[in-house]
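What follows is a single structure, written as C-alpha coordinates, with notes after it.
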Amino acid sequence: DTTAYGVDTLQIAAADGRAFVVCREHLQKPTSALRNFLRDSKVAKVGRSISIDAGRLMQGHGLVVTNIIDIAATAKELRVVQRANVSLDSLVRTCLDRELSGKTSIRLTEWSAPRLSDEQLIYAAKDAYASALVYENLCSRVDVEQIPVMTALVPDTDVRVYNQRMSRVAAIGRVVQSG
3 DTTAYGVDTL QIAAADGRAF VVCREHLQKP TSALRNFLRD SKVAKVGRSI
53 SIDAGRLMQG HGLVVTNIID IAATAKELRV VQRANVSLDS LVRTCLDREL
103 SGKTSIRLTE WSAPRLSDEQ LIYAAKDAYA SALVYENLCS RVDVEQIPVM
153 TALVPDTDVR VYNQRMSRVA AIGRVVQSG
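Final position of the sequence shown in my numbering is 181; the numbers increase by one with none missing.
So, in C-alpha coordinates, the structure goes:
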(Lines of atoms letter the chains of each structure in order from A and count residues from 1; the text may use other names and numbers.)
(Lines give C-alpha, C1' and ligand atoms only; values in the text may rest on other atoms or scores of the structure.)
Protein backbone atom coordinates (compact mmCIF):
# COMPACT_ATOMS: atom_id res chain seq x y z
CA ASP A 1 0.00 0.00 0.00
CA THR A 2 2.96 2.31 -0.66
CA THR A 3 4.46 4.35 -3.45
CA ALA A 4 7.91 5.86 -3.88
CA TYR A 5 6.48 9.04 -2.33
CA GLY A 6 4.94 7.59 0.78
CA VAL A 7 1.88 5.63 1.71
CA ASP A 8 -1.17 5.21 -0.56
CA THR A 9 -3.46 3.80 2.10
CA LEU A 10 -2.79 3.93 5.81
CA GLN A 11 -4.24 1.07 7.83
CA ILE A 12 -3.30 1.48 11.44
CA ALA A 13 -4.50 0.22 14.79
CA ALA A 14 -4.28 1.72 18.24
CA ALA A 15 -3.36 -0.68 21.04
CA ASP A 16 -6.81 -0.08 22.55
CA GLY A 17 -8.42 -1.87 19.56
CA ARG A 18 -9.39 1.10 17.39
CA ALA A 19 -8.57 0.58 13.71
CA PHE A 20 -8.27 3.28 11.07
CA VAL A 21 -8.10 3.29 7.28
CA VAL A 22 -7.02 6.52 5.60
CA CYS A 23 -6.79 6.84 1.79
CA ARG A 24 -4.12 8.77 -0.12
CA GLU A 25 -6.22 11.89 -0.63
CA HIS A 26 -6.55 12.38 3.13
CA LEU A 27 -2.88 11.64 3.69
CA GLN A 28 -1.92 14.38 1.24
CA LYS A 29 -4.18 16.85 3.07
CA PRO A 30 -4.30 15.44 6.60
CA THR A 31 -6.74 16.82 9.13
CA SER A 32 -5.50 18.10 12.47
CA ALA A 33 -7.32 15.14 14.08
CA LEU A 34 -5.23 12.67 12.04
CA ARG A 35 -2.00 14.57 12.75
CA ASN A 36 -2.79 14.67 16.47
CA PHE A 37 -3.67 10.98 16.63
CA LEU A 38 -0.46 9.89 14.88
CA ARG A 39 1.69 12.23 16.98
CA ASP A 40 0.00 11.41 20.34
CA SER A 41 2.63 9.60 22.41
CA LYS A 42 -0.03 8.41 24.88
CA VAL A 43 -1.65 6.26 22.17
CA ALA A 44 0.32 3.18 21.16
CA LYS A 45 0.05 2.43 17.44
CA VAL A 46 0.54 -1.23 16.61
CA GLY A 47 1.21 -3.11 13.42
CA ARG A 48 3.56 -5.35 11.54
CA SER A 49 6.61 -3.43 10.26
CA ILE A 50 4.97 -0.24 11.50
CA SER A 51 8.29 1.60 11.78
CA ILE A 52 8.74 1.34 8.01
CA ASP A 53 5.28 2.82 7.44
CA ALA A 54 5.98 5.55 10.01
CA GLY A 55 9.14 6.48 8.09
CA ARG A 56 7.23 6.58 4.80
CA LEU A 57 4.52 8.74 6.36
CA MET A 58 7.21 11.19 7.50
CA GLN A 59 9.08 11.20 4.19
CA GLY A 60 6.12 11.22 1.85
CA HIS A 61 3.56 13.19 3.84
CA GLY A 62 5.37 15.00 6.66
CA LEU A 63 3.36 13.06 9.25
CA VAL A 64 5.02 12.25 12.58
CA VAL A 65 4.04 8.93 14.16
CA THR A 66 5.02 8.30 17.79
CA ASN A 67 4.75 5.36 20.19
CA ILE A 68 4.82 2.60 17.60
CA ILE A 69 4.99 -1.09 18.47
CA ASP A 70 5.92 -3.70 15.89
CA ILE A 71 3.86 -6.77 16.74
CA ALA A 72 6.18 -9.13 14.85
CA ALA A 73 9.23 -7.89 16.79
CA THR A 74 7.26 -8.12 20.03
CA ALA A 75 6.18 -11.68 19.21
CA LYS A 76 9.83 -12.60 18.61
CA GLU A 77 10.92 -10.92 21.85
CA LEU A 78 8.29 -12.94 23.72
CA ARG A 79 9.45 -16.09 21.91
CA VAL A 80 6.04 -16.61 20.31
CA VAL A 81 7.69 -16.75 16.86
CA GLN A 82 11.29 -17.39 15.83
CA ARG A 83 11.70 -14.53 13.34
CA ALA A 84 10.62 -10.88 13.44
CA ASN A 85 9.90 -10.88 9.68
CA VAL A 86 6.87 -13.15 10.07
CA SER A 87 3.74 -12.10 8.15
CA LEU A 88 0.58 -10.70 9.71
CA ASP A 89 -1.25 -13.81 8.47
CA SER A 90 1.19 -16.00 10.37
CA LEU A 91 0.88 -13.87 13.53
CA VAL A 92 -2.92 -14.14 13.36
CA ARG A 93 -2.70 -17.94 12.97
CA THR A 94 -0.16 -18.28 15.79
CA CYS A 95 -1.65 -15.84 18.30
CA LEU A 96 -5.37 -15.99 17.53
CA ASP A 97 -5.76 -19.41 15.89
CA ARG A 98 -7.66 -17.77 13.01
CA GLU A 99 -7.22 -17.00 9.33
CA LEU A 100 -7.42 -13.62 7.60
CA SER A 101 -9.80 -14.08 4.68
CA GLY A 102 -9.82 -12.65 1.16
CA LYS A 103 -6.20 -11.60 1.15
CA THR A 104 -4.65 -12.27 -2.25
CA SER A 105 -7.23 -10.92 -4.70
CA ILE A 106 -7.85 -7.70 -2.80
CA ARG A 107 -4.22 -7.10 -1.79
CA LEU A 108 -3.29 -6.81 -5.48
CA THR A 109 -5.86 -4.11 -6.30
CA GLU A 110 -5.20 -0.39 -6.88
CA TRP A 111 -4.62 1.28 -3.50
CA SER A 112 -3.79 4.78 -4.81
CA ALA A 113 -7.33 5.38 -6.11
CA PRO A 114 -9.09 8.50 -4.74
CA ARG A 115 -11.85 6.26 -3.39
CA LEU A 116 -11.34 2.73 -2.16
CA SER A 117 -13.89 0.02 -2.86
CA ASP A 118 -15.92 -1.45 -0.02
CA GLU A 119 -13.87 -4.65 -0.35
CA GLN A 120 -10.61 -2.71 0.00
CA LEU A 121 -11.89 -0.84 3.04
CA ILE A 122 -13.01 -4.07 4.71
CA TYR A 123 -9.68 -5.74 3.90
CA ALA A 124 -7.65 -2.82 5.28
CA ALA A 125 -9.81 -2.49 8.39
CA LYS A 126 -9.53 -6.23 9.09
CA ASP A 127 -5.74 -6.05 8.75
CA ALA A 128 -5.51 -3.11 11.13
CA TYR A 129 -7.92 -4.66 13.62
CA ALA A 130 -6.10 -7.99 13.43
CA SER A 131 -2.90 -6.17 14.44
CA ALA A 132 -4.67 -4.78 17.51
CA LEU A 133 -5.99 -8.25 18.43
CA VAL A 134 -2.54 -9.81 18.01
CA TYR A 135 -1.05 -7.09 20.23
CA GLU A 136 -3.72 -7.70 22.86
CA ASN A 137 -2.93 -11.42 22.75
CA LEU A 138 0.80 -10.76 23.10
CA CYS A 139 0.17 -8.50 26.10
CA SER A 140 -1.88 -11.25 27.74
CA ARG A 141 1.17 -13.53 27.52
CA VAL A 142 3.30 -11.11 29.53
CA ASP A 143 3.45 -11.90 33.22
CA VAL A 144 4.40 -8.58 34.78
CA GLU A 145 5.23 -8.85 38.45
CA GLN A 146 7.02 -6.70 41.00
CA ILE A 147 10.79 -6.98 40.92
CA PRO A 148 11.60 -9.87 43.25
CA VAL A 149 13.99 -9.63 46.18
CA MET A 150 17.33 -11.37 45.66
CA THR A 151 16.33 -14.40 47.71
CA ALA A 152 13.31 -14.96 45.43
CA LEU A 153 15.48 -15.33 42.32
CA VAL A 154 15.63 -19.07 41.73
CA PRO A 155 18.49 -20.33 39.51
CA ASP A 156 17.47 -21.50 36.01
CA THR A 157 14.35 -19.28 36.02
CA ASP A 158 13.62 -17.41 32.78
CA VAL A 159 13.21 -13.65 33.27
CA ARG A 160 12.19 -10.71 31.10
CA VAL A 161 13.14 -7.07 31.65
CA TYR A 162 10.68 -4.51 30.29
CA ASN A 163 11.12 -0.92 29.15
CA GLN A 164 9.82 1.92 31.29
CA ARG A 165 6.36 1.91 29.64
CA MET A 166 6.12 -1.84 30.18
CA SER A 167 5.25 -2.15 26.48
CA ARG A 168 8.36 -3.90 25.15
CA VAL A 169 10.74 -6.56 26.34
CA ALA A 170 14.17 -4.95 26.74
CA ALA A 171 16.00 -8.16 27.62
CA ILE A 172 15.37 -11.87 28.10
CA GLY A 173 17.61 -13.95 30.31
CA ARG A 174 17.97 -16.72 32.84
CA VAL A 175 18.89 -16.50 36.50
CA VAL A 176 22.21 -18.17 37.22
CA GLN A 177 23.77 -18.95 40.55
CA SER A 178 26.88 -16.87 41.13
CA GLY A 179 29.77 -18.85 42.31
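Each residue gets a CB set at the ideal place from its N, CA and C atoms; glycine is no exception.
Ser-133 and Lys-31 have their C-alpha atoms some 26 Å from each other.
Counting along the chain, no alpha helix (DSSP H) covers Asp-72; the unbroken beta strand (DSSP E) around it starts and ends at 70-72. Nearest to Leu-65 by C-alpha distance, out of Leu-36, Leu-90, Lys-47, is Leu-36.
Straight through space, the alpha carbons of Glu-79 and Arg-85 are spaced by roughly 9 Å. Around Arg-162, the same chain offers Val-171, Ile-174 as residues with beta carbons nearer than 6 Å, after the five sequence neighbours per side are excluded. Listed as beta-bridge partners of Cys-25 by DSSP are Thr-11.
Residue burial is scored here from C-beta neighbours: Ile-54 has fewer than 16 other C-beta atoms within 10 angstroms and is therefore classed as exposed. Looking only at Val-67, Arg-20, His-63, Ser-107, the smallest Cα-Cα distance to Val-136 is reached by Arg-20. Annotation: Thr-96 to Arg-109 spans about 21 Å, alpha carbon to alpha carbon.
A residue is called buried once 16 or more other Cβ atoms fall within 10 Å of its Cβ, and Lys-128 is buried on that count. The criterion of a C-beta distance shorter than 8 Å is satisfied by Arg-50 and Leu-93. DSSP, reduced to helix, strand and coil, places Arg-143 within a helical segment of the structure shown. Between the alpha carbons of Leu-40 and Asp-160 lies a distance of about 36 Å. Gln-13 places its beta carbon less than 8 Å from that of Ala-126. A direct Cα-Cα distance of roughly 32 Å separates Glu-27 from Thr-76.
Rounded to the nearest whole angstrom, the CA to CA distance from Glu-138 to Asp-18 is 8 Å. Taking C-beta atoms under 8 Å as the contact rule, Val-23 and Ala-130 qualify, at a distance of about 7 Å.
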